[in-house]
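In full-length UniProt numbering, the protein residues as written are 1 to 602.
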């Protein structure tokens, strides 16, 4: 990768003057690093200021304080929802970070864990695994004078395409961007193409403007850090699929494996080699951040937002890697700080800002669901359901699902009656969303195009094809959220109440499995959403089976369901295994949890 000279170039990042959490407004030269990380300045001074303000608390203290507040339960009797709109009161409070301090807290969290992993790996191996000096991750503490810039050279004749076709060019106040396109060739071009064709669409599932596929690559060819993070994500995703030979199976338009004259990637490239390459790019991304965060304009830029979600996506794919010890879940909170520092939310005016926020929330939902914790966001949308178009309805259910996961993690022992009421309000919010859906969310077909009479799955579930894929994913998310609430809402009712709940769970399981059997479920963007919903469905079937086993007043109808449930569990397991084979993520974590479920844990 050849990097041209850094030009004097700062785009209007759209950062508002107010940083209210409920606001809906849109939101170079390398110095030698110090030998070790030092305490983080809480506020980065402008170039004209000489002194730096020391932080008042370490990131460890902030994490502890965050967890203490946002894991506290909802106040008994507090209303979660107004009558006809899902408008949650904040489920969590977090430690206050200044908009300028958040990027540094986030980076130091990344760097400390990276240095620890490098040192741990080097101690356990025969030689250095990466061509990388961990001391270079120490960020410098001297503000960069953004007014002392080299003259701009020339812009590429092909400028990045911005939102709705607008031209995005490095502007005179972006000294951390290059004036001309970074030259990409060899292995990096293969990885870059894999990102644009394969990984970007996974992140773009709920974004009709496809910012991660169409816009982010244009930002990356002018920003070294974003480019490195993009290559890290691509290489890590390739490693999940065994290396490069599987690339062509994901792209129907590709007649052969992508090769470039200088590429050394081949059918002999191993998963281990690809994983090592991904980790090298990841550490180089952190090295770039260590030298660039002192540009105040960079900490407010689109580039840092895109880089943050790339880092988070890389760590999600690497959550079972040898160099990751739960780092991803912990770093999601740092990504949350980045979002807050720019007043980013799901209704931000700039398309990329909005896309980054939804991508982050999707990751946080999965991590919170797996860990049994609250989701991190407490932003509340301002638009009403009736004012949303089809695509906005798809993202609204993501927001509601985040609150459903938070509800499941909240305490039940303080006031069980209030908890039951809160669960009922959330279920009503889900029902309000479902009732307002346009006809485009209805199934196009409920039959199998590739019916296999020898496959027992087709005897249990009926394929459901909903198009476009984002709408199918939204319906999956709806049923995932409904299952989560039903499994965690206490009940003081008798047999009738229990039967109604089991019926609702059964309906959701049937829909989740039906959508996961449709042909489009074999596409990577849809696979992970299906896995998430199937995993919740598996939990639901275990609960149904247990209820039916201990319930002494079985009617003929319930007894029939009891006989069918083990068959459903087996069919669901087969569908889930197929989705895992498509996605390759997250295999180890899910299999361990399924073993726990089969042995009697939930």
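Note that CB positions come from ideal geometry on N, CA and C, so glycine has one too.
Check: Please report the distance separating the alpha-carbon of residue 59 from that of residue 438.; Outcome: With a pLDDT of only 28 at residue 59, under 50, the local geometry of the prediction cannot be trusted, and no value is derived from it.
Check: Hey, how far is the Cα of residue 502 from the Cα of residue 565?; Outcome: 11 angstroms
Check: Measure how close the beta-carbons of residue 504 and residue 534 come, nearest whole angstrom, since I'm counting them as under 8 angstroms.; Outcome: Wrong, their Cβ atoms sit about 17 angstroms apart, outside the cutoff.
Check: Compute the Euclidean distance between the alpha carbons of residue 402 and residue 358, then round it to the nearest angstrom.; Outcome: 11 angstroms
Check: In three-state DSSP terms, what is residue 178?; Outcome: strand
Check: Taking the DSSP output, what are the residues bridged to residue 445?; Outcome: 465
Check: Indicate whether residue 226 and residue 279 have their beta-carbon atoms separated by less than 7 angstroms.; Outcome: no
Check: For the candidate residues 205, 204 and 372, whose alpha-carbon lies nearest to that of residue 329?; Outcome: 372
Check: Looking at the unbroken alpha helix (DSSP H) that takes in residue 660, where does it start and where does it end?; Outcome: The chain is shown only over 1 to 602; residue 660 falls outside these bounds and no answer can be derived.
Check: Check whether the Cβ atoms of residue 274 and residue 238 sit closer than 7 angstroms, and answer yes or no.; Outcome: yes
Check: Could you tell me the alpha carbon to alpha carbon distance between residue 384 and residue 541, rounded to whole angstroms?; Outcome: 34 angstroms
Check: To the nearest angstrom, report how far apart residue 387 and residue 394 are at their CA atoms.; Outcome: 13 angstroms
Check: So for residue 210, helix, strand or coil by DSSP?; Outcome: coil
Check: Count the C-beta pairs between the stretch 484-492 and the stretch 418-430 that are closer than 8 angstroms, then say yes if the count reaches three, no if not.; Outcome: yes
Check: Where does residue 479 sit, in a helix, a strand or coil, going by DSSP?; Outcome: helix
Check: Tell me which residue opens and which closes the alpha helix (DSSP H) that residue 313 is part of.; Outcome: 302-317
Check: At which residues does the alpha helix (DSSP H) containing residue 363 begin and terminate?; Outcome: 351-371
Check: Would you be able to state if there are at least three C-beta pairs under 8 angstroms between the stretch 479-490 and the stretch 456-464?; Outcome: no
Check: As a quick exercise: from 185, 378, 205 and 497, pick the residue whose alpha carbon is nearest that of residue 524.; Outcome: 205
Check: Can you grab the Cα-Cα spacing for the pair residue 440 / residue 474, in whole Å?; Outcome: 12 angstroms
Check: To the nearest angstrom, how far is the alpha carbon of residue 574 from that of residue 426?; Outcome: 31 angstroms
Check: Tell me the residue span of the alpha helix (DSSP H) that contains residue 489.; Outcome: Per DSSP, residue 489 belongs to no alpha helix (DSSP H) and is neither H nor E.
Check: What residue range is occupied by the uninterrupted alpha helix (DSSP H) comprising residue 340?; Outcome: 327-341
Check: Would you report the Cα separation of residue 472 and residue 382, rounded to the nearest angstrom?; Outcome: 25 angstroms
Check: Would you kindly work out how many angstroms separate the C-alpha atoms of residue 532 and residue 583, rounded to a whole number?; Outcome: 12 angstroms
Check: Report back the beta-carbon spacing between residue 103 and residue 376 to the nearest angstrom; my notes put them in contact at under 8 angstroms.; Outcome: At roughly 17 angstroms, the Cβ-Cβ gap does not stay under 8 angstroms, so residue 103 and residue 376 are not in contact.
Check: Comparing alpha-carbon positions, which option in 528, 480, 342 and 527 lies nearest residue 506?; Outcome: 480
Check: Would you say the beta carbon of residue 365 is closer than 6 angstroms to some non-hydrogen atom of the ligand NAD?; Outcome: Although the ligand NAD was asked about, the structure shown includes no ligands whatsoever.
Check: Taking the alpha-carbon of residue 459 as reference, which of 568, 201, 499 and 518 has the nearest alpha-carbon?; Outcome: 568
Check: Under 7 angstroms, Cβ to Cβ, is there at least one residue of chain C near residue 467?; Outcome: Protein chain content of the structure displayed is limited to a single chain, and chain C is not contained in it.
Check: With 16 other CB atoms within 10 Å as the buried threshold, where does residue 484 fall?; Outcome: buried
Check: Can you give me the C-alpha to C-alpha distance between residue 561 and residue 350, rounded to a whole angstrom?; Outcome: Note that residue 561 has pLDDT 44, beneath the 50 cutoff, so the model's placement of it is unreliable and no number is given.
Check: Which stretch, first to last residue, makes up the alpha helix (DSSP H) that contains residue 284?; Outcome: 271-292
Check: Run the CB neighbour count on residue 51, radius 10 Å, all protein chains shown included, and call it buried at 16 or more, exposed below.; Outcome: The pLDDT assigned to residue 51 is 30, lower than 50, so where the model puts this residue is not dependable, and the model offers no usable value.
Check: Between the alpha carbons of residue 212 and residue 219, how many angstroms are there, rounded?; Outcome: 10 angstroms
Check: I'd like the list of long-range same chain contacts for residue 163, defined as Cβ closer than 6 angstroms, with 5 residues on each side in sequence excluded.; Outcome: Because residue 163 sits at a pLDDT of 47, beneath the cut-off of 50, its placement in the model cannot be relied upon, and the point is left open.
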